[in-house]
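Scroll down for the structure; my scribbles are underneath it.
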Amino acid sequence: MTATVAEYVLLWALYCLLAGAILARDRKTLLPEWRDYFRFLTVPWKICVFVPAFLFVSFAGHFTNDETWDFVTGSGMSILTFLTAPWAIGLFCQVFAGKRPRRYLIVASALCFFSSSWFYDSYLLWRDGVYTQRWLGNLMASTVIYVAAGLLWNLEAEAGGRYTLSFNRQDWPSPPVNTRFRPLILISLPLILIAAYVLVASVRWRL
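Just so you know, our numbering puts the end of the sequence shown at 270, numbered straight through with nothing missing.
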């Protein structure tokens, strides 16, 4: 591992530790929020969307030319995305709206980049003994997928066939009153297609 790569690893590791310190500092207010967030994540339609995506991302790497895409990277990144993306994207938007302290930008970005890239990088460094040359391409592609997933799982239906983003609610991340998916099908399709296109187009397939 070159000195530049070692410095990069050290920097993102310290960044993650800083984010963890912020979470530990605010744990008394965050623990009740995370209990609500678990119920927010387990709305049935979100599970139904996640499961086939998880299965595809976990096993599809066997049919590509990407030697870094194995079960661990696929399943790990998909689970991390499902668990963190809705909250991280909500944090970003709430900070910019003035509803959260600015320090939560560190938390949100650490969650985003660890789930999209640094988990992948560190696992492959352990597996192969070298830092993967695909790290930048993966970072760009996976971050797009992460943002799309975070927005998708924040969609919720309103009265009259309308929709909104959950993190705009005052009581977010409590579960929405309306948990139906049918009113969200059309608006969710672009986000699903963006994520699917980036995932499929970023590698070569062996069919």
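All residues carry an ideal CB built from backbone N, CA and C; glycine is no exception.
Pull up the DSSP beta-bridge partners for residue i, would you.
i	result
Thr127	Trp268
Ala220	Tyr226
Considering just the uninterrupted stretch of the alpha helix (DSSP H) at residue i, what are its terminal residues?
i	result
Glu70	66-88
Tyr226	Careful: Tyr226 lies outside any alpha helix (DSSP H), inside the beta strand (DSSP E) at 226-228.
Ala204	198-215
Asp184	182-191
Kindly list the residues whose CB is nearer than 6 Å to the CB of residue i, restricted to its own chain and excluding five residues on each side of it in sequence; keep chain order.
i	result
Leu188	Tyr194
Ala171	Ala151, Leu154, Phe155
Arg197	Thr131
Thr144	Ser178, Tyr209, Ala212
Cys175	Ala151, Tyr209
Thr242	Val106
Arg102	Pro238
What whole-angstrom Cβ distance do residue i and residue j have, given they're in contact under 8 Å?
i	j	result
Ile142	Leu214	Not confirmed; about 18 Å, so no contact.
Ser265	Gly224	Contact doesn't hold; Cβ gap of about 35 Å is too wide.
Leu202	Ser180	4 Å
Leu249	Ala211	Actually they do not touch by this definition, with Cβ atoms about 16 Å apart.
Tyr209	Ala148	5 Å
Asp99	Pro236	5 Å
Phe244	Trp108	4 Å
Ser185	Met140	Not really, about 12 Å apart at Cβ, beyond 8 Å.
Leaving aside the five residues before and after residue i along the sequence, list all residues of the same chain whose C-beta is less than 7 Å from its C-beta, in chain order.
i	result
Pro246	Ala220, Gly224, Tyr226
Ile85	Arg166, Ile169, Val170
Asn128	Val266, Arg267, Arg269
Using a Cβ-Cβ cutoff of less than 8 Å, which residues in the same chain neighbour residue i once the five nearest sequence positions on both sides are dropped?
i	result
Leu81	Ile169, Ala173
Gly137	Val120, Ser121, Phe122, Ala123, Gly124
Glu96	Pro236
Arg163	Leu154, Gln157
Phe126	Trp268, Arg269, Leu270
So that I know if they touch, is there some Cβ in chain D lying closer than 8 Å to that of residue i?
i	result
Asp129	The question asks about chain D, but that chain is absent: this structure has only one protein chain.
Note down, one range per segment and in chain order, each alpha helix (DSSP H) of at least 4 residues found wholly within the stretch 85-170. 90-104, 107-122, 134-159
Which runs of the beta strand (DSSP E), 3 residues or longer, sit entirely within the stretch 224-261? 226-228
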